[in-house]
Structures are given as C-alpha cells and as structure tokens.
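Sequential numbering from 0 applies to the sequence shown in numbering that gives the first Met the number 0.
Glycine included, each C-beta is placed from N, C-alpha and C at the ideal position.
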Amino acid sequence: MTKPPKHITAALKVIISAILIYFISTKIDINEIGSVLKKANPIYVVCAILLFVLSKAIASIRLNLYFHQLNINLTEKSNLKLYLLGMFYNLFLPGGIGGDAYKGYLIKKQFKIDTKKIISVLVLDRLSGLLLLFIFACILNLFMDITLLQDFNILIIIIISLFTSILAFWFINKKFFSYTLPIFWTSFTFSALVQLAQLGSIFLILMSLNIETDLIGYLLIFLISSIVSVIPLTIGGIGSREITFFYGATFLGLNETVSISISMLFFLITAFVSLFGIIFHFKKPKLEENNPTPRVQGVK
C-alpha cells in the first residue's frame, strides 16, 4: 500500500489539530482561560520552565546512551543540540520533517550506520519514555479517590500491569534489540527522571495558578495526555492534549477551564523551549564524538 505524500499527511495533522482546538473552544469560555492564565505566578512559571528544560536534558542523555550502543559516541553537547533541533522540527516544521526522522537522517549521513538500527534506537527511546508514563499513571491511580478504583480487583490489575509492562519491554529489548540490553536499566532510570521532572514542572504550573486541591487528578490527566499526544494524528500533540485534559477533568469531576489552562501553559513552555532549536536549523549542529571510532565507508 502506497503511503500518502508527506505534505498531505502534514495537512491532515493541521486540520485535525484545528478541529480539536475548535471543538474545545465551543466547550470552554476562552476569556475564562485567559483570566486564569493572567493570574499565573511568574516565579513558579520560570521554575516550571527550568524543570522542563532539565527533563529534556535528561532525555537527551538517555538518547545518547542508545547512540553509544551503536558505537556513535556523540558528545553530550552535540547530542543536546541535535535533540533541541528535533524538538523544533516536531513542533514548528511538521511538514514531513519529523524531529526523530531528521535526527536519524543526520546520524545515518555522517556515521554510515544501518538505517534499521538507527530507527530501532529512536523507537526504543520513545517507548522507554512511554513505559514510564504508563507506570507513573498506574501509580497515581492507586492514590485516586475514585469509586471504580476502590475495587480490590482493579487495584490488583493495575499492580500486575505495572510489572507486566516492565517485563514485556525487557523481553522486547532482549529478543529483538539485544545490543541495547546493557543499558536497559540505565535508560529506564533516566526515563523515570524525565517523567519526574515533567511532573514537577506540572506541579509548579499548578502552584502558579494557585491550585491546591485535586493535584493528583491533574497530574494523572497530564500523564495520560502525554501518552495520547504521542499518537501522530496532530501537530506536536496540539489538540489531542487539550481534548484529553478536557475529558479527563470531566471524568474526574475537576474544573475543565483550569484543566485546559494547565494544558495551554505547558504547551507555551514547550513551544518556548523548542523555539531555541531554530538556531540549529540555520546553523546545523556539528556532530562531534568522544574518542571517535574509525569507520570504513559503507560499513553498517
């Protein structure tokens, strides 16, 4: 089956994002959201930005661990520049040039590594992050005061799901990507730190908006929205994250306006940090290695 042209795919994502945002705008008073955001404490917002930057720096180190398993010994500085460029492409240049795809292209071009292996480590890096999102969501569920979740059998299912997901991911690494197995627990730890930093960022956003109740509920919605936003149906998760925050708040009996405000403020922080990647769009990062390994042209 022939894949649709990239520009058509990008256009569809824009349309879907626009539809979802329009739908949310019919459910929420935009002026109320503006009023909520205007009251945000700038000190907490700045701290939230710093924690978000920390989460991305840790995620960059995690990705570099995978590159090192392919004997691509990128310096952390070079890899961070590449990671930031990928963030910029994901959010601001969605027209078929995904951030991961472009990182893979540059790595392939310079280091002559097998394309399948590059794609594999990029996918594993994403899956590692998704695994921890799921794990933390399960953990927060255990503390939620929801009648459905008070059932003993449901709690047992959640706990079993935690261990099963970790075991399944370990098995996938061992069976199909054995060259990444030595860093499994290290990447797992870095993924945990990434999500903890982002949860901390959301917590500070809540504090900036003077929200002191239902904190676990808002944090849980954020984790679920982060999982949903990975699905490549919208531009940088725009629309899908907001729709998740809206219906998550409805389901948990939280304030929908506040929930959407949290989502929008997190998006603004993401966009602000990602925009710095434009520097490396015009001045492509030089990929330097620590103790570079000699390579023969064409060897994979």
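query: In the structure shown, what three-state DSSP assignment does GLU287 receive?; result: coil
query: Does the distance from the CB of SER200 to the CB of ALA56 come in under 8 Å?; result: no
query: Express the C-alpha separation of ALA17 and ILE259 in angstroms, rounding to a whole number.; result: 16 Å
query: Quick one: Cα of LYS107 to Cα of LEU73, how far?; result: 13 Å
query: Under the rule that 16 or more other beta-carbon atoms within 10 Å means buried, what is LEU180, buried or exposed?; result: exposed
query: Near PHE135, which residues of its chain fall below 6 Å by C-beta distance, leaving aside the five closest residues on each side in sequence?; result: GLN194 and LEU222
query: Does DSSP put LEU73 in a helix, a strand or coil?; result: strand
query: Hey, PHE176 and SER119 are a contact pair by Cβ (cut 8 Å); roughly how many whole angstroms apart?; result: 6 Å
query: So does the stretch 49 to 67 actually touch the stretch 80 to 92, counting three or more Cβ pairs closer than 8 Å?; result: yes
query: Confirm, please, whether the CB-CB distance from LEU166 to SER225 is below 8 Å.; result: no
query: Is it right to say SER34 is buried, meaning 16 or more other beta carbons lie within 10 angstroms of its own, or is it exposed?; result: exposed
query: With DSSP run on the structure shown, which of helix, strand or coil describes THR185?; result: helix
query: Answer with buried or exposed for ASN78, where buried requires no fewer than 16 other C-beta atoms within 10 angstroms of its C-beta.; result: buried
query: How many whole angstroms separate the CB atoms of LEU264 and ALA39, which I take to be in contact at a CB cut-off of 8 Å?; result: 7 Å
query: Measure the alpha-carbon distance for GLU211 versus ILE117 and round it to whole angstroms.; result: 44 Å
query: Are CYS137 and ILE155 close, meaning C-beta to C-beta below 8 Å?; result: no
query: Less than 8 Å between the beta carbons of SER164 and ARG61, yes or no?; result: no
query: When the Cα of GLU287 is compared with those of LYS37, LYS80, LYS12 and LEU69, which residue comes out closest?; result: LYS80
query: According to DSSP, is GLU211 helix, strand or coil?; result: coil
query: In this structure, how does DSSP classify ASN254 when only helix, strand and coil are distinguished?; result: coil
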